[in-house]
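Residue numbers (my numbering): 180 to 707. Take a look at the structure set out below.
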């Protein structure tokens with residue numbers, strides 16, 4: 180496994196910035212650790228991980244069993260102090276400390292904390308609120324792993340277990356290396372699980388089209404594999420294709436885009452949208468917002484920069500909110516170094532996925548394509564966004580039946596021709612796969628898990644666009660950030676928007692993602 184590039188931040192600065200980005204959790208962690216007799220440096224490193232610093236910072240200053248073992252103080256002395264303190268009673272503080280341990284990401288430490296949480300979940304003397312929360316926390320930590328490598332390894336472990344259960348004749352899988360300029364070991368994982376009986380329905384589930392958003396997508400995928408292993412979902416008449424690691428570089432490095440800055444979910448055009456090299460400008464309005472979305476200087480974390488961006492956005496309001504959103508988010512093919520660039524050709528991994536979908540779908544009556552994303556919509560709310568083209572009446576009816584009766588879920592439609600309620604895009608992976616499916620009937624959707632409270636306020640919409648447009652400065656050979664501190668703050672903003680460290684959000688996201696997949700399989704007649 181190749182490590183992430185080391186953060187240039189000093190340890191003390193990293194700790195201070197982590198506390199600044201998540202002050203409530205940092206204060207809580209510091210207070211809980213205060214009565215424990217540990218070296219202050221050890222406490223600070225624990226807090227650094229508990230509050231969810233960016234991945235490259237956590238990799239530079241790890242708090243794991245290996246780190247603890249190599250201290251002058253033995254691992255037993257360090258961790259026994261924490262565990263002894265948390266086992267003194269079934270209290271809110273005990274629960275909160277266990278949450279901190281689960282957040283470190285180290286399997287050994289998480290295993291100890293999980294055992295304690297399991298005790299709390301069945302303790303009849305425990306407050307019911309904490310009983311339920313303990314059970315949810317176990318799920319969130321099990322499925323939200325802290326790195327691309329951990330998620331990818333877990334995916335293939337579960338696929339191998341499913342092969343053992345169902346047989347190699349029903350479960351086909353392969354790992355396809357992905358070339359990259361950093362020469363990192365990245366791969367696309369493909370799996371095809373055949374139905375036991377007649378082939379009626381095919382479900383295609385992607386994990387990480389937008390890289391960092393794959394933490395939730397991968398969690399959904401591995402949750403589904405666990406349900407299949409436990410026999411809770413039958414596959415009598417339904418086949419499943421799983422795509423894990425489509426944007427492995429973005430997944431590993433905490434980025435939404437490919438290594439070259441292309442947007443993975445804008446570069447898969449339908450013939451009627453555009454074709455590469457045809458000379459047609461697919462988004463003429465982009466020219467009017469390009470300077471706003473593509474700063475020419477390194478990123479500087481300052482309130483002035485943000486408010487200047489907000490002010491300039493509001494000045495563009497004269498073109499209309501919907502037209503502005505379309506100009507910014509739909510995708511563009513005129514500026515290869517700009518935001519939301521569609522690329523100059525199809526991504527190599529798309530051909531691998533498309534070949535599998537085309538080959539398999541020919542045998543099925545119906546194909547349902549699901550592409551999970553994060554960042555759009557109210558925190559904890561699941562939004563079903565139709566990708567790119569006008570949905571058929573059958574598609575509307577299908578997704579309304581599946582998702583229409585849940586308070587924390589809603590169905591929205593947008594396409595580049597007619598407009599709609601959610602943001603627009605063309606060249607989406609889901610729409611492209613739907614276009615090449617050979618099933619008699621194909622439905623496709625993007626499922627968004629919201630991350631921000633009051634997400635549809637003007638301020639939060641503009642903040643989201645600010646983070647999305649600025650984060651591409653961090654890819655190799657772009658402007659970067661002025662200082663390591665600025666780099667840290669921008670990466671923290673990306674995490675807050677696309678992969679929140681909030682344990683409660685993660686627990687709810689696992690529940691909502693599981694509910695969504697369960698409803699789809701129930702609609703297809705495959706619940707156990």
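C-beta: ideal position from N, C-alpha, C; glycine also.
In the DSSP annotation of this structure, residue 399 is not part of any beta strand (DSSP E); the continuous alpha helix (DSSP H) holding it starts and ends at 393-408. As computed with DSSP, residue 622 is found in a beta bridge with 547. Judged by DSSP secondary structure, residue 687 falls within the alpha helix (DSSP H) whose first and last residues are 682-702.
Bridge pairing for residue 604: absent [DSSP]. By the neighbour-count criterion, in which 16 or more other beta carbons inside 10 Å mark a residue as buried, residue 401 falls on the buried side.
For residue 466, the CB contacts under 8 Å within the same chain, skipping 5 residues up- and downstream, are 513 in chain order.
For residue 371, the enclosing beta strand (DSSP E) starts and ends at 366-372.
Ranked by how close their Cα comes to the Cα of residue 310, the residues 297, 454, 496, 318 have 297 in first place. DSSP, reduced to helix, strand and coil, places residue 328 within a helical segment of the structure shown.
Residue pairing from DSSP places residue 553 in a beta bridge opposite 628.
Counting the other Cβ atoms within 10 Å of the Cβ of residue 494 gives fewer than 16, which makes it exposed. Around the Cβ of residue 200, a 10 Å sphere holds 16 or more other Cβ atoms; the residue is buried. Non-local C-beta neighbours of residue 700 in its own chain, meaning closer than 8 Å and more than five positions away in sequence, comprise 382, 412, 417, 706, ordered along the chain. Residue 353: member of the beta strand (DSSP E) spanning 350-356, first to last residue.
The alpha-carbon separation between residue 240 and residue 223 amounts to approximately 10 Å. The residue from 462, 363, 370, 468 with its alpha-carbon nearest to that of residue 428 is 363. Pairing residue 628 with residue 679, the inter-Cα distance amounts to about 11 Å. For residue 418, the enclosing beta strand (DSSP E) starts and ends at 417-423. By the neighbour-count definition (other C-beta atoms within 10 Å, threshold 16), residue 347 is an exposed residue. The beta-carbon distance between residue 230 and residue 205, rounded to whole angstroms, is 5 Å. This is short enough to meet the 8 Å contact definition. Between the C-alpha atoms of residue 481 and residue 578 there is a straight-line separation of about 42 Å. Shown here, residue 519 sits in coil according to DSSP, grouped into three states, outside any helix or strand. Sequence-distant Cβ neighbours of residue 393 in its own chain, meaning closer than 6 Å and more than five residues away, are 386, 387, 430.
Assigned with DSSP and collapsed to three states, residue 316 falls in helix.
Under the Cβ criterion (8 Å, minimum of three pairs), the region 503-522 does not count as touching the region 365-377. The DSSP-derived three-state label of residue 240 is coil. Taken in chain order, the whole alpha helix (DSSP H) runs of length 4 or more contained in the region 441-497 are 465-472, 482-494. In this structure, the beta-carbon distance from residue 403 to residue 376 does not fall below 9 Å. In this structure, residue 227 sits away from residue 189, with a CB-CB distance that is not shorter than 9 Å. Considering only 691, 689, 681, the residue with the shortest C-alpha distance to residue 278 is 681. Leaving aside the five residues that flank residue 574 on each side, the residues in its chain whose CB is nearer than 6 Å to its CB run, in chain order, 622. Following the DSSP letters along the chain, one finds residue 562 in no alpha helix (DSSP H) but inside the beta strand (DSSP E) bounded by residues 561-565. When the Cα atoms are used, residue 630 and residue 687 turn out to be separated by approximately 11 Å. The Cβ atoms of residue 624 and residue 565 lie closer than 9 Å to each other. Taking the CA atoms as reference points, residue 549 sits about 48 Å from residue 214. As the crow flies, the alpha-carbon of residue 516 is around 11 Å from that of residue 654.
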